[in-house]
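In this note's numbering, the protein residues as written are 22 to 954.
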Amino acid sequence: MSRFFARSDSESEESSSDDEITDKAPGATFKQSLLLSDDEEDTKRVVRSAKDKRFEELTNLIKTIRNAMKIRDMSKCLEEFEQLCRAFLKSKNIVDKEGIPPFYIRLLADLEDYLNQLWEDKEGKKKMNKNNAKALSTLRQKIRKYNRDFESEIAAYKENPQESADEEEEEKEPEDSGSSSDSEGEVSSKSFLKKKPEAPSEATDRSQTAKESEDKSSSSDEDDDDDDDDDGDWSPSDSDSRSETSDKEEENALKRKRLVTFLKVKRAQDTEKPGVRKEERKKKPKQKEQIEEEAEEEGGWEKVNRGVPLVKEKPKMFAKGTEINTAVVVKKLNEILQARGKKGTDRAAQIELFHALAAIAAENNLGQGILVKIKFNIIASLYDYNPNLAAFMKPDMWKKCLDCINELLDILFEHNNIFIGENIAEDSENLAVSDQPFRVRGCILTLVERMDEEFTKIMQNTDPHSQEYVDNLKDEGRVCGIVDRLLTYLENKGSTEEICRVYLRRIMHTYYKFDYKAHRRSLGLQGETKSEQDQEENKEENKEESEGEDSAVIMDRLCKFIYSKDRTDRIRTCAILCHIYHHALHSRWYQARDLMLMSHLQDNIQHADPPVQILYNRTMVQLGICAFRQGMIKDAHNALLDIQSSGRAKELLGQGLLMRNMQERNAEQEKIEKRRQVPFHMHINLELLECVYLVSAMLLEIPYMAAHEFDARRRMISKQFHHQLRVGERQPLLGPPESMREHVVAASKAMKMGDWRTCHSFIINEKMNSKVWDLFPEIQKVREMLVRKIQEESLRTYLFTYSSVYDSISMATLSEMFELEMPTVHSIISKMIINEELMASLDQPTQTVMMHRTEPTSLQNMALKLAEKLGNLVENNERVSDLKQGIYGGYFNRDQKGGYQQKQSYQRDQKSYQQKQSGYQRGGYRNQNQGNY
Numbered sequence: 022m023s024r025f026f027a028r029s030d031s032e033s034e035e036s037s038s039d040d041e042i043t044d045k046a047p048g049a050t051f052k053q054s055l056l057l058s059d060d061e062e063d064t065k066r067v068v069r070s071a072k073d074k075r076f077e078e079l080t081n082l083i084k085t086i087r088n089a090m091k092i093r094d095m096s097k098c099l100e101e102f103e104q105l106c107r108a109f110l111k112s113k114n115i116v117d118k119e120g121i122p123p124f125y126i127r128l129l130a131d132l133e134d135y136l137n138q139l140w141e142d143k144e145g146k147k148k149m150n151k152n153n154a155k156a157l158s159t160l161r162q163k164i165r166k167y168n169r170d171f172e173s174e175i176a177a178y179k180e181n182p183q184e185s186a187d188e189e190e191e192e193k194e195p196e197d198s199g200s201s202s203d204s205e206g207e208v209s210s211k212s213f214l215k216k217k218p219e220a221p222s223e224a225t226d227r228s229q230t231a232k233e234s235e236d237k238s239s240s241s242d243e244d245d246d247d248d249d250d251d252d253g254d255w256s257p258s259d260s261d262s263r264s265e266t267s268d269k270e271e272e273n274a275l276k277r278k279r280l281v282t283f284l285k286v287k288r289a290q291d292t293e294k295p296g297v298r299k300e301e302r303k304k305k306p307k308q309k310e311q312i313e314e315e316a317e318e319e320g321g322w323e324k325v326n327r328g329v330p331l332v333k334e335k336p337k338m339f340a341k342g343t344e345i346n347t348a349v350v351v352k353k354l355n356e357i358l359q360a361r362g363k364k365g366t367d368r369a370a371q372i373e374l375f376h377a378l379a380a381i382a383a384e385n386n387l388g389q390g391i392l393v394k395i396k397f398n399i400i401a402s403l404y405d406y407n408p409n410l411a412a413f414m415k416p417d418m419w420k421k422c423l424d425c426i427n428e429l430l431d432i433l434f435e436h437n438n439i440f441i442g443e444n445i446a447e448d449s450e451n452l453a454v455s456d457q458p459f460r461v462r463g464c465i466l467t468l469v470e471r472m473d474e475e476f477t478k479i480m481q482n483t484d485p486h487s488q489e490y491v492d493n494l495k496d497e498g499r500v501c502g503i504v505d506r507l508l509t510y511l512e513n514k515g516s517t518e519e520i521c522r523v524y525l526r527r528i529m530h531t532y533y534k535f536d537y538k539a540h541r542r543s544l545g546l547q548g549e550t551k552s553e554q555d556q557e558e559n560k561e562e563n564k565e566e567s568e569g570e571d572s573a574v575i576m577d578r579l580c581k582f583i584y585s586k587d588r589t590d591r592i593r594t595c596a597i598l599c600h601i602y603h604h605a606l607h608s609r610w611y612q613a614r615d616l617m618l619m620s621h622l623q624d625n626i627q628h629a630d631p632p633v634q635i636l637y638n639r640t641m642v643q644l645g646i647c648a649f650r651q652g653m654i655k656d657a658h659n660a661l662l663d664i665q666s667s668g669r670a671k672e673l674l675g676q677g678l679l680m681r682n683m684q685e686r687n688a689e690q691e692k693i694e695k696r697r698q699v700p701f702h703m704h705i706n707l708e709l710l711e712c713v714y715l716v717s718a719m720l721l722e723i724p725y726m727a728a729h730e731f732d733a734r735r736r737m738i739s740k741q742f743h744h745q746l747r748v749g750e751r752q753p754l755l756g757p758p759e760s761m762r763e764h765v766v767a768a769s770k771a772m773k774m775g776d777w778r779t780c781h782s783f784i785i786n787e788k789m790n791s792k793v794w795d796l797f798p799e800i801q802k803v804r805e806m807l808v809r810k811i812q813e814e815s816l817r818t819y820l821f822t823y824s825s826v827y828d829s830i831s832m833a834t835l836s837e838m839f840e841l842e843m844p845t846v847h848s849i850i851s852k853m854i855i856n857e858e859l860m861a862s863l864d865q866p867t868q869t870v871m872m873h874r875t876e877p878t879s880l881q882n883m884a885l886k887l888a889e890k891l892g893n894l895v896e897n898n899e900r901v902s903d904l905k906q907g908i909y910g911g912y913f914n915r916d917q918k919g920g921y922q923q924k925q926s927y928q929r930d931q932k933s934y935q936q937k938q939s940g941y942q943r944g945g946y947r948n949q950n951q952g953n954y
């Protein structure tokens, strides 16, 4: 304000203080008045304590955080929260003296609850952009960590939130007292709203008291103005000030009357228009609750929920008096279906309408035909609830879907007079009770297949290490039950093609599961040396286990039906691969191998679609693991070679995407590939797979390397195994092995030296057992097989490495050294001699191996290599000299040794060659001369 007009109380006080200063130091004030402008001279200078400054800074940051919370700006929230933490650290000294302010604890509690609500709201998280989603996760972690220091204060606040809010208001009251007259009006209106006006007389009394208080304040203001005014010419007169104050009083009185009449509840009227004043909007939520509670106690005020949508009545399906019959219900069904897929259609409401229509049809006994049709549409609308193909069904919708399919199957099993099919046109449907049998358009198999796909999507999009995954996996029993019920239904009423499709669905839920009951039975049959009493005691247990059909029998029956009846290659291919996988999983190696060889799938599998190729890769891997368990090391290595040598086992088995290939694919391709992933409970352990491959390669490669140590043209059996050996050799510091690969490399080095005990200790120990070997169903059998193979291959490696050292060696010594039986040692050495791998002979009477010393020593091997290299050098020199003499001359001189005709032809060829060469030289000379001229 300018100094020429009336000033407020604070200005008058300031002016009086200024007068005092002028009395004390007139020179200083005169200089200040010259340097400062009018506005700067009149500004109010307030001296505040450090506490007020720090707390004001905190409150301002809290306001910005709350505003960001209202608009869900998580990045702004994160930024302001970090500033708030820094500001709180600055005010640590004040907080230690005064205590933690309640408004700070309130914000921490509210912010944590708010972030938890946002985190649980999955749909809201999906709508967020990347920055907000990232800021949400970061802020959630920070607030949880930060609130650990204030656990007791937050718990106290949550027990009594009203008390802490009141404390906050009490702290803010002194700050508000020095504000403008508008804020005073708001406070008075708040106190005024706390009580209900019982009669108009009370309201007028209160308005009069308010007028009197205003008169007093205005008169005091006038007195102050008269005292403060220095120039009488510019000050307003008494009459003018009174007229202004009277006008203000009248305006305030009118405003208050309007306020009273607006907020007053008219008892005669039933309805009231909701109105919210600006003062009420500025109130805090706690104050609003207090006002509402007091009003409810008095009984005169009504609570108006602003922003909450009014509860709408459900639309009536049919008008009153309408005769409900099949035609009317079908017409209503078509009306509901017309809104399906349109923009803005409420899908949840549409599902409720279908349920309501089904209930009406059941109440009026319109028959099972119309009920089946409505059920078909309910299930279809449940599938359409998520418009995005990649999105999976919500748990409540998923349970509704399973219940609806079960109800539909119950109706179909109870009433044999209902025929459903895709080929039935809508015009030829029979839905009325009089027109039996019922004919309904629809395909139950398609609904069940879609349900199975939705179950796979749910499992793909659930965290495999959470309890939620286990809970969702329990639904597989219900899914398999629905598939079994559909299978029995279609076996009676379905076509061959439909039966093959549902059989494949049943196979896909069976092939990867290990049948423990059948495994126990097979172990019981193998242990036939039991006494008769033990067998009689176990008869009851075997009867209980034999009640359920073996998975092998089920797979055999379903797959053979598909082999004979199916006309599409894809279903047959999938059935064969699942059958092979199941055989391999249960250690039926020969059946699995023969079926794979007879199918010839390896010839044409590259032309199949990606899901079938993934299934083929899984089958080959399982086949290799089965061969390893049976001791077929070479077959296991050959089966696993293609998958492991590629370095993309995770991707080829459909168990994840490699990060290095992420740049090669765009977002759509990535979504498509994620849909092809196999659920976690069907995964093959990649560490077990790699360990089986490396151990198989070790048992094949180490003896081969020892036998062909000095062979320059030695080939590699496994490149990946050699790579692991090179990695192990490059390590500057060799310590005890830690990872699985390091264990295999250490075992390979021990096997090279023929030390089978050290090799055995590296392959079979507690760490390797927990990581790999304990995952096999027959643990002890696999360990015994491994020990046996290590002993045999270590013996072969020892003979290859040290045969040049021995003239003869006793087989008894070898048997003791490697702890093998004499027949086993004899057979191994005999095979090596027959295959010409070992130049030796067996002396049967003495059981001794006689070495023939045919293998060269290391010096002889080096001399042979040098001679071979010199020979190659001589041949290369001869070729170079022949080319210099002439193309034909060198050839005939080297390869042909005489003959008059040969010499004549050689001479003719030589002359013609020389003539051509001289002609080329002359032509080049001429061309050169022409170019110079």
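Every residue, glycine too, gets a C-beta built ideally from N, C-alpha and C.
Residues bridged to residue i [DSSP beta-bridge criterion]
i, result
"asparagine 451", "Arg460"
Residue range of the unbroken alpha helix (DSSP H) whose run includes residue i
i, result
"leucine 796", "No alpha helix (DSSP H) holds leucine 796; DSSP gives it neither H nor E."
"aspartate 903", "879 to 906"
"isoleucine 92", "It is not in any alpha helix (DSSP H) - isoleucine 92 carries neither H nor E in the DSSP assignment."
"lysine 514", "497 to 514"
For residue i, the first and last residue of its enclosing beta strand (DSSP E)
i, result
"leucine 754", "That residue, leucine 754, is in no beta strand (DSSP E); it is neither H nor E in DSSP."
"serine 829", "829 to 831"
Reduced DSSP secondary structure (H/G/I, E/B, other) of residue i
i, result
"phenylalanine 440", "strand"
"alanine 771", "helix"
"aspartate 864", "strand"
"valine 870", "strand"
"aspartate 656", "helix"
"lysine 341", "coil"
"phenylalanine 783", "helix"
"glutamine 949", "With a pLDDT of 41 at glutamine 949, under the threshold of 50, the modelled position of that residue is not reliable, and the figure given next carries that caveat. Helix, per DSSP."
"proline 758", "coil"
"lysine 415", "coil"
"proline 844", "helix"
"leucine 403", "helix"
"proline 700", "coil"
"cysteine 98", "helix"
"leucine 331", "In this predicted model, leucine 331 has a pLDDT of only 39, less than 50, meaning its place in the structure is not dependable; the value taken from the coordinates is given anyway. In the structure shown, leucine 331 sits in coil (DSSP, three-state: anything other than H, G, I, E or B)."
Nearest-angstrom Cα separation, counted from residue j out to residue i
i, j, result
"lysine 146", "asparagine 152", "11 Å"
"cysteine 780", "lysine 810", "11 Å"
"tyrosine 490", "alanine 539", "27 Å"
"threonine 16", "arginine 747", "Residue 16 falls outside the range modelled here, since the chain spans only 22 to 954, and no answer is possible."
"glycine 675", "isoleucine 635", "6 Å"
"alanine 768", "valine 713", "14 Å"
"arginine 804", "threonine 867", "34 Å"
"lysine 852", "histidine 702", "45 Å"
"methionine 15", "alanine 660", "Any answer about residue 15 is impossible in this case: the structure gives the chain only from 22 up to 954."
"alanine 688", "glutamate 694", "10 Å"
"arginine 24", "alanine 177", "Residue placement at arginine 24 is flagged as unreliable, the pLDDT there being 43, under the threshold of 50; a coordinate-derived value is accordingly withheld."
"aspartate 291", "lysine 495", "Model confidence at aspartate 291 stands at a pLDDT of 42, short of 50, so the residue's coordinates are unreliable; what they give is reported in the following sentence. Cα-Cα distance, rounded: 55 Å."
"lysine 364", "lysine 353", "20 Å"
"aspartate 424", "alanine 383", "17 Å"
- Item | Continuous beta strand (DSSP E) assignments of at least 3 residues falling wholly in the segment 582 to 621 | none
- Message: Suppose only complete runs of 4+ residues qualify. What are the alpha helix (DSSP H) ranges in the segment 112 to 168, listed by chain order?
- Response: Complete alpha helix (DSSP H) runs here, min 4: 113 to 119, 123 to 141, 143 to 148, 151 to 167.
- Task: Any chance you could list the alpha helix (DSSP H) runs of at least 4 consecutive residues sitting entirely within the segment 340 to 372, in chain order?
- Result: 347 to 359
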